[in-house]
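Following numbering that gives the first Met the number 0, the residues of the sequence shown are numbered contiguously, the last one being 573. Reviewing the structure listed below.
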Amino acid sequence: MEHHPNATTVLVAEDDASIRAVLQATLRSAGYRVLTASNGVDALGIARAERPTLVISDVLMPEGDGRTLLAALRADPATADLPFVFLTGLDERESVRIGMDLGADDYLTKPFRPTELLSLVQAQLRRFARRDEQRRRLEAEARRLRQFDSVTGLPNRVYFLERVGEAAALGGAMAVASLALGFWPQIRQSLGQTLADEVLREAANRLLESVRARVGARAMLARSGEHRFTLALPMDGDMDHLDTLLRELLAPLSEPLDAGDRRLFFDASVGVALYPRDGHSIERLLDHAESAEPDSAPGGTLAFYSVENSAVRGRRVRLLQDLRQALERRELSLAYQPQLTLTDERPLGFEALLRWHHAEFGQVPPVEFIPLAEESGLILPIGSWVLREALAQLAAWHAEGFAPMRVAVNLSPRQFEDPGLVATVREALAGVALPPGSLELEITESTAMGDPERAIGLMAQLRALGVVLALDDFGTGYSNLSQLKRLPIDVLKIDQMFVRHIVADSGDAAIVRAVIALAHGFGLKVVAEGVESRAQVIKLAQLGCDMVQGYHYGAPMLAEGVPGWLQDHGLLGL
Numbered sequence: 000m001e002h003h004p005n006a007t008t009v010l011v012a013e014d015d016a017s018i019r020a021v022l023q024a025t026l027r028s029a030g031y032r033v034l035t036a037s038n039g040v041d042a043l044g045i046a047r048a049e050r051p052t053l054v055i056s057d058v059l060m061p062e063g064d065g066r067t068l069l070a071a072l073r074a075d076p077a078t079a080d081l082p083f084v085f086l087t088g089l090d091e092r093e094s095v096r097i098g099m100d101l102g103a104d105d106y107l108t109k110p111f112r113p114t115e116l117l118s119l120v121q122a123q124l125r126r127f128a129r130r131d132e133q134r135r136r137l138e139a140e141a142r143r144l145r146q147f148d149s150v151t152g153l154p155n156r157v158y159f160l161e162r163v164g165e166a167a168a169l170g171g172a173m174a175v176a177s178l179a180l181g182f183w184p185q186i187r188q189s190l191g192q193t194l195a196d197e198v199l200r201e202a203a204n205r206l207l208e209s210v211r212a213r214v215g216a217r218a219m220l221a222r223s224g225e226h227r228f229t230l231a232l233p234m235d236g237d238m239d240h241l242d243t244l245l246r247e248l249l250a251p252l253s254e255p256l257d258a259g260d261r262r263l264f265f266d267a268s269v270g271v272a273l274y275p276r277d278g279h280s281i282e283r284l285l286d287h288a289e290s291a292e293p294d295s296a297p298g299g300t301l302a303f304y305s306v307e308n309s310a311v312r313g314r315r316v317r318l319l320q321d322l323r324q325a326l327e328r329r330e331l332s333l334a335y336q337p338q339l340t341l342t343d344e345r346p347l348g349f350e351a352l353l354r355w356h357h358a359e360f361g362q363v364p365p366v367e368f369i370p371l372a373e374e375s376g377l378i379l380p381i382g383s384w385v386l387r388e389a390l391a392q393l394a395a396w397h398a399e400g401f402a403p404m405r406v407a408v409n410l411s412p413r414q415f416e417d418p419g420l421v422a423t424v425r426e427a428l429a430g431v432a433l434p435p436g437s438l439e440l441e442i443t444e445s446t447a448m449g450d451p452e453r454a455i456g457l458m459a460q461l462r463a464l465g466v467v468l469a470l471d472d473f474g475t476g477y478s479n480l481s482q483l484k485r486l487p488i489d490v491l492k493i494d495q496m497f498v499r500h501i502v503a504d505s506g507d508a509a510i511v512r513a514v515i516a517l518a519h520g521f522g523l524k525v526v527a528e529g530v531e532s533r534a535q536v537i538k539l540a541q542l543g544c545d546m547v548q549g550y551h552y553g554a555p556m557l558a559e560g561v562p563g564w565l566q567d568h569g570l571l572g573l
């Protein structure tokens, strides 16, 4: 970038009046504006007041020499980047070396020819222009990184709040929608980070094209979280119109999306808050929109903020905070539901189920707190405690003289992703005097099938420890039977949704019969969950089921209730 001389000011600091005059005349003849000073102190004052483009200074001057002037300019952020050239005599080379070490850009030896002076000035100005352009580019890039998401290129949450806040200050009603992609942790885990980023980019592009086509520049789309997008748009009609418009805007996400050799279908939950009805702060409004997001459901869901939603969110936040301390407060416990053989109804063991008795809210349903533990990562320390506690309790029953039994513990998706899972299980087994086969680990079908190759390897490591592996909730997902055959499992658990109507519904009975035949063909035992009646027991026996579990035999019970139950079912302790 060539610098135009007429826009350039040069400050000359030189105590010799004749040399100062030559410098001034030469530079003015080339079209530069020239400011002069006879010492370093005056030159510093002029530089701070006038902000010249270039400084030319003698090395040795009274009342502040050139080195002192240079040091003062470099110490001031307003003048730190000014190009600085020393004028030096042949006998002042050491002073110049010191000055160059202090940050001078160049030097000119006296006496000099006018052409030398002008060539040096032009070179420094070109260099300064390039440096200034690079600085502006870096500042622009830093600003972009502060304001935009690096994966999707969309504005980030901070920039969204800033821009939408400015728009709100101008008046007018608007809607803020928060959209969360369903099951994103599982999708990211199965795809890997690179493919997951490509999926996010494609989702962002689809949304952006849809918004531009239907609303134009009056709307703003941003990425506000790992799997969350935020949209602000003007209110041009009533609530029904807004509901319809939002569903149209989000429709492109319902189309399948290819990721490598996989085809994905997204579920999305959308929460909406209105300005100014639901709040005057855009940050508060966005929080309200996020709190209004319903749980993901097939086909996606959309809900508007209400005070009731806010109360639910408040409880959720409180539970998450308290869950962090629930272990040390001894609020967590295990309940045990019996599992029996179907042929002779003999107790084989128990499934350990986590319970939380909150000091204020009382018994918190697992369906409410388990997702919180999963999302926050608290499931890892809690899950480790469950393993140790369940095995310790089983060892205590054995010590009381009861026959060897098995305890089943559920592994959550987050635990299954944990690189330290095998070590955690190994340590839990080492802490008790029980055979490894006393522990059964239950893994849901959807967790195992998210990344079959990884699941097969991990389950093989777990099985090598000697534990029993069960595939839980079978039939609720989309298993590839060839992959199922490769899973190193011992037990298949039929979900209660197929057991519930097995007596009256011939379709459910046919499904259960087929699953049992399939499992037996693979050499697996079958457990039916949710057995609640004698008629179901008889039907399952006719279909060849191996084991049963459900309220017909016993509800989940605290540890102190288990010995009595075992004695009632013919197992006697000491």
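The C-beta atom is built at its ideal place from N, Cα and C for all residues, glycine as well.
Output the distance between the C-alpha atoms of Pro-403 and Ala-334, rounded to the nearest integer angstrom. 19 Å
Pull the bridge partners of Thr-78 from the DSSP assignment, please. DSSP lists no partner for Thr-78.
Inspect the beta-carbon positions of Tyr-106 and Thr-87 and report whether they are closer than 8 Å. yes
Would Asp-148 pass as a contact of Arg-222 if the rule is Cβ separation under 8 Å? yes
Closest residue to Arg-27 among Leu-10, Glu-426, Leu-190 (Cα-Cα distance): Leu-10
Over what stretch of residues does the alpha helix (DSSP H) that includes Leu-583 continue unbroken? Missing from the structure shown is residue 583; the chain here goes from 0 to 573 and no further.
Three-state secondary structure (DSSP) of Glu-344: coil
Backbone CA spacing between Arg-187 and Leu-194 [nearest angstrom]: 8 Å
Over what stretch of residues does the alpha helix (DSSP H) that includes Phe-584 continue unbroken? The chain is shown only over 0 to 573; residue 584 falls outside these bounds and no answer can be derived.
Can you tell which of Leu-124, Ile-281, Pro-233, Ala-432 has the C-alpha that lies nearest to the C-alpha of Gly-171? Pro-233
Bounding residues of the beta strand (DSSP E) (the contiguous stretch that carries Gly-270): 267–274
To the nearest angstrom, report how far apart Gly-313 and Arg-205 are at their CA atoms. 33 Å
In three-state DSSP terms, what is Arg-227? strand
Got a sec? Which residues, its chain only, sit under 7 Å from Ala-167 by beta carbon, not counting five neighbours each side? Met-173, Tyr-274, Ile-281
State the start and end residues of the unbroken beta strand (DSSP E) segment that holds Thr-443. 438–443
For Val-363, three-class secondary structure by DSSP: strand
Three-state class that DSSP yields for Tyr-335 in the structure shown: strand
Residue environment, Ile-97, which counts as buried when at least 16 other CB atoms sit within 10 Å: exposed
Exposed unless 16 or more other CB atoms sit within 10 angstroms - verdict on Phe-264: exposed
Rank Ala-29, Val-21, Asn-409 by C-alpha distance to the C-alpha of Lys-109 and give the top, closest one. Val-21
Indicate the three-state DSSP secondary structure (helix, strand or coil) for Ser-209 in the structure shown. helix
Take Val-514 and list the residues in its own chain whose beta-carbon comes closer than 8 Å to its own, dropping the five residues that flank it on each side. Phe-473, Gly-474, Leu-491, Ile-493, Phe-497, Val-525
From what residue to what residue does the alpha helix (DSSP H) around Ile-537 run? 533–542
Give me the residue from Gly-361, Gln-336, Gln-535 with the minimum Cα distance to Asp-321. Gly-361
Option in Gly-102, Asp-80, Val-163 with minimal Cα separation from Arg-134: Asp-80
Helix, strand or coil for His-240? Go by DSSP, reduced to three states. helix
Span of the beta strand (DSSP E), counted from its first residue to its last, around Ala-48: Here Ala-48 belongs to no beta strand (DSSP E); instead the alpha helix (DSSP H) covers 39–49.
From the beta carbon of Thr-87, is the nearest beta carbon of chain C less than 8 Å away? The chain inventory of the structure shown lacks chain C, comprising one protein chain alone.
Just how far apart, CA to CA, sit Glu-452 and Val-431? 31 Å
Would the segment 117–125 and the segment 236–252 be scored as touching if the rule is three or more Cβ pairs under 8 Å? no
Give me the Cα-Cα distance between Leu-483 and Thr-443, rounded to the nearest whole angstrom. 12 Å
Phe-85 - containing alpha helix (DSSP H), residue span: No alpha helix (DSSP H) contains Phe-85, which is instead part of the beta strand (DSSP E) from 83–87.
On the premise that Val-198 lies in contact with Ala-258, defined as a C-beta separation below 8 Å, what is that separation, rounded to the nearest angstrom? 5 Å
Cutting at 8 Å between CB atoms, please list the residues of its own chain near Ala-516, excluding the five before and the five after it. Gly-543
Buried or exposed (CB count within 10 angstroms, at least 16 for buried), Ala-398: exposed
Leaving aside the five residues before and after Leu-539 along the sequence, list all residues of the same chain whose C-beta is less than 8 Å from its C-beta, in chain order. Leu-341, Val-498, Ile-501, Val-511, Ala-527, Val-530, Val-547
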